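Note that the sequence shown covers residues 416 to 576 in the numbering used here. Think of the CB as a built atom: it goes at the ideal place given N, C-alpha and C, for glycine as much as any other residue. Quantities reported herein were computed from a predicted structural model and do not represent experimental measurements. Single-structure report; data block below.
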Amino acid sequence: MRLCVLIIISTASRSAHEFHASVTQMQYNAKDRVFEISVRIFTDDFEKALSAASNSKINLDGPPAKHDPLIEKYIQAHFSYVSPQKQTKPVKYVGHEVEADANWLYLEMPYTEPFKGGLLKQNVLMELFDDQVNMVNVQYQGQKKTFVFRKNQPVQDISFD
């Protein structure tokens, strides 16, 4: 009986990650006039992407700051925003943390004018996985919209009209 349970658990844990997805939260902080952004990515997939980007084996265990320059470079290449006025907004990497089987990346994007939308690129891990899905939840002054990014649609208009 115990062996059956162990086999089921080990099989379930191996097959539990057969999909490739990330979740991004973009929440506007009106007081500081900034979007606070968190991106949740499966650690094993993220390690593969960082390893490919750096041509070396990356293991995200250990001190969180060790890989910050590499993570910042990666996220800057795969997450960006252009306002309706065609201004690319700076996205600042704040840091990351490991939580169980996922990594949380923290970003900030100053935004002083009223938010009407714009073009958002969220294509993390799409260079590795054709089935990668990146869900982005945008919250702005009581409104919430969800956008789904796929390999064939890595950039989207995230209008709030």
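### Task
From the DSSP output, in three-state form, read off H511 for me.
DSSP places H511 in strand when its eight states are reduced to three.
### Closest residue to K531 among K472, F575, L485 and R448 (Cα-Cα distance)
F575
### Message
As a quick exercise: from Q502, P529 and L475, pick the residue whose alpha carbon is nearest that of E512.
### Response
L475
#### Entry: Where P525 sits in the DSSP three-state scheme
Three-state result, P525: strand.
### Query
T439 to E451, Cα distance in whole Å?
The alpha-carbon separation between T439 and E451 amounts to approximately 10 Å.
### Message
Relative to the C-alpha of Y508, which candidate in K501, V497, E523 and W519 has its C-alpha closest?
### Response
When the alpha-carbon of Y508 is set against those of K501, V497, E523 and W519, the nearest one is in E523.
### Task
Within its chain, find whatever has a CB closer than 6 Å to the CB of T527; leave out the 5 residues flanking it on each side and keep chain order.
R448
### Query
What are the boundary residues of the alpha helix (DSSP H) that T458 is part of?
T458 to S469
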